[in-house]
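Participant:
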Amino acid sequence: MNPEELKKKVVIPNERGVLDKKGIYFSSPSAFAREHLFFVLLGAEFTCTFPYQIRRQGLELFLAFRILSGELHFEYENLCFCARQGDIVFLDCQKPHYYYAKDKVCFQFFHFAGNCSQAYVDLLYEKQQKRASLSSPASGALFPADSNACGVFSQILEELSLSQPKEHRLSYLLHTLFGILAAEEEPSYPLCIAQSIAFMQEHYREPVSVDDIAASAALSKYHFSRLFREKTGVSPHEYLSSLRLQHARKLILETSLSVEDIASRCGFSTASHFIRAFKKEMEFTPAAYRKYFDPSGFQKL
Numbered sequence: 001m002n003p004e005e006l007k008k009k010v011v012i013p014n015e016r017g018v019l020d021k022k023g024i025y026f027s028s029p030s031a032f033a034r035e036h037l038f039f040v041l042l043g044a045e046f047t048c049t050f051p052y053q054i055r056r057q058g059l060e061l062f063l064a065f066r067i068l069s070g071e072l073h074f075e076y077e078n079l080c081f082c083a084r085q086g087d088i089v090f091l092d093c094q095k096p097h098y099y100y101a102k103d104k105v106c107f108q109f110f111h112f113a114g115n116c117s118q119a120y121v122d123l124l125y126e127k128q129q130k131r132a133s134l135s136s137p138a139s140g141a142l143f144p145a146d147s148n149a150c151g152v153f154s155q156i157l158e159e160l161s162l163s164q165p166k167e168h169r170l171s172y173l174l175h176t177l178f179g180i181l182a183a184e185e186e187p188s189y190p191l192c193i194a195q196s197i198a199f200m201q202e203h204y205r206e207p208v209s210v211d212d213i214a215a216s217a218a219l220s221k222y223h224f225s226r227l228f229r230e231k232t233g234v235s236p237h238e239y240l241s242s243l244r245l246q247h248a249r250k251l252i253l254e255t256s257l258s259v260e261d262i263a264s265r266c267g268f269s270t271a272s273h274f275i276r277a278f279k280k281e282m283e284f285t286p287a288a289y290r291k292y293f294d295p296s297g298f299q300k301l
């Protein structure tokens, strides 16, 4: 789709309620970009007020907003929500969507596609739905203000506004924006779970049992095991084993200790138990893992 065709599909002539605009900036991605990169097709900065409104259905592009001031209202995925200063919104334009201004609002936006845009937009929507507060209407399309994400969003518009925007930089910036928004937040555990994790980190070298770990959290073994899996996604035994293997990998790569010594230092009852657990997680034996990452081994290849 060339810029003129795109303009006919996306740009509304004589839009009511537009007070000011910077852009619209267009980019014409190469065949390489269309096949392999994320690409941005157009973008702008609008200042609008009532009765500004856009209603679409069936446009095979994605749309991102960043609110600079005021409020922009949305209807999308059978939900109504309001984006405010600093908020970012992603829409899949193949789905019916409607956005409008009730009062003065200033926002940046760009249309994009390419690479795994569909998968990322779907992932972000699902993640944000799960993060949303149960006490308020959830919208997986809305991401609350984040200074890092807003900074990258601004860089995308700056690059797009150049006479010859660099498509690889646009792809990089868009991927960075996805990465920031998709990143997992640091988990916040109940005190009893945090105490048990601290206990395992301190005592992983010792032959501790699930009973010992549960006692550190002042809970029964059954209740603790159920709560630990609910909050972390793994059992206490799996978490402890993973912690031991994490330290074992470090010793394998950074020391010349024997497998037996490493097993003992990392809390495994026997070397054979350590080898089985290591191979199950890494698909390597400890010896093969060490050999694979041995610099002298690279020289022989």
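So the sequence shown is numbered by full-length UniProt numbering: it starts at 1 and just counts up by one. A virtual CB, placed ideally from N, CA and C, is assigned to each residue, including glycine. Bear in mind the structure is a predicted one, so any value in this text is a computation, not a measurement.
1. Could you tell me the distance, in whole angstroms, from the CA atom of Leu174 to the CA atom of Leu257?
2. So the candidates are Glu260, Gln85 and Ile156; which of them puts its Cα closest to the Cα of Cys106?
3. Ends of the beta strand (DSSP E) at Ser69?
4. Would a C-beta distance cut-off of 8 Å place Pro236 and Ile213 closer than the cut-off?
5. Relative to the alpha-carbon of Leu53, which residue among Glu45, Ala44 and Glu15 has its alpha-carbon at the smallest distance?
6. For Ala119, does the count of other Cβ atoms within 10 angstroms reach 16, so buried, or fall short, so exposed?
7. Measuring only from the beta carbon, is Arg265 closer than 7 Å to any heavy atom that is part of the ligand FMN?
8. Please classify Tyr289: does DSSP put it in a helix, a strand, or coil?
9. Can you look up Cys192 in the DSSP assignment and give me helix, strand or coil?
10. Could you check where the alpha helix (DSSP H) with Leu42 kicks off and where it finishes?
11. Have a look at the DSSP bridge pairing and note the partners of Phe81.
12. Among residues of its own chain, excluding the 5 on either side of Ala263, which ones have a beta-carbon nearer than 6 Å to its beta-carbon?
13. Near Tyr25, which residues of its chain fall below 6 Å by C-beta distance, leaving aside the five closest residues on each side in sequence?
14. Go through the segment 187 to 267 residue by residue and report every complete run of the beta strand (DSSP E) that reaches 3 residues or more, in order.
15. Taking one C-beta from the segment 68 to 84 and one from the segment 198 to 211 each time, how about it: are there three or more such pairs within less than 8 Å?
16. Using the C-alpha atoms, what's the distance from Asp92 back to Leu123?
17. If you draw a straight line from the C-alpha of Ser135 to the C-alpha of Cys80, how long is it?
Facilitator: In this structure, then:
1. By 1-based counting over the sequence shown, the position of residue 174 is 174. By 1-based counting over the sequence shown, the position of residue 257 is 257. Their backbone Cα atoms lie some 45 Å apart in a straight line.
2. Locating residue 106 in the sequence shown gives position 106, where the first residue counts as 1. With distances taken between Cα atoms, Cys106 lies closest to Gln85.
3. Sequence index remark: in the sequence shown, residue 69 carries index 69 (1-based). Its beta strand (DSSP E) spans residues Phe62 to Ser69.
4. Position 236 of the sequence shown holds residue 236. Position 213 of the sequence shown holds residue 213. Result yes, Cβ atoms of Pro236 and Ile213 sit closer than 8 Å.
5. Numbered from its first residue, the sequence shown carries residue 53 at position 53. Here residue 53 turns out to be Gln, not Leu, going by the sequence shown. When only C-alpha atoms are compared, the closest one is Glu15.
6. Reading the sequence shown from its first residue, position 119 is the one you call residue 119. Result: exposed.
7. What this structure holds is no ligand at all, so the ligand FMN is not there to describe.
8. Here residue 289 corresponds to residue number 289 of the sequence shown, with the count starting at 1. Three-state result, Tyr289: helix.
9. Residue 192 sits at position 192 when you count from the first residue of the sequence shown. Of the three classes helix, strand and coil, the one that applies to Cys192 here is helix, per DSSP.
10. Position 42 of the sequence shown, counting from 1, holds the residue named residue 42. Not the alpha helix (DSSP H): Leu42 falls in the beta strand (DSSP E), residues Phe38 to Cys48.
11. Taking the first residue of the sequence shown as 1, we reach residue 81 at position 81. Answer by DSSP bridge pairing, in chain order: Phe74.
12. Walking along the sequence shown from the start, residue 263 turns up at place 263. Within the same chain, Ala263 has close Cβ partners Ala271 and Phe274.
13. As a working mapping, residue 25 is identified with position 25 in the sequence shown. Excluding residues within five positions, the ones whose Cβ falls inside 6 Å are Gly43, Leu160 and Ser161.
14. none
15. no
16. By one-based count along the sequence shown, residue 123 stands at place 123. By one-based count along the sequence shown, residue 92 stands at place 92. If I take the Cα positions, the gap works out to 12 Å.
17. As a working mapping, residue 135 is identified with position 135 in the sequence shown. As a working mapping, residue 80 is identified with position 80 in the sequence shown. Note on Ser135: pLDDT 45, under 50, position unreliable in the model; no value is reported.
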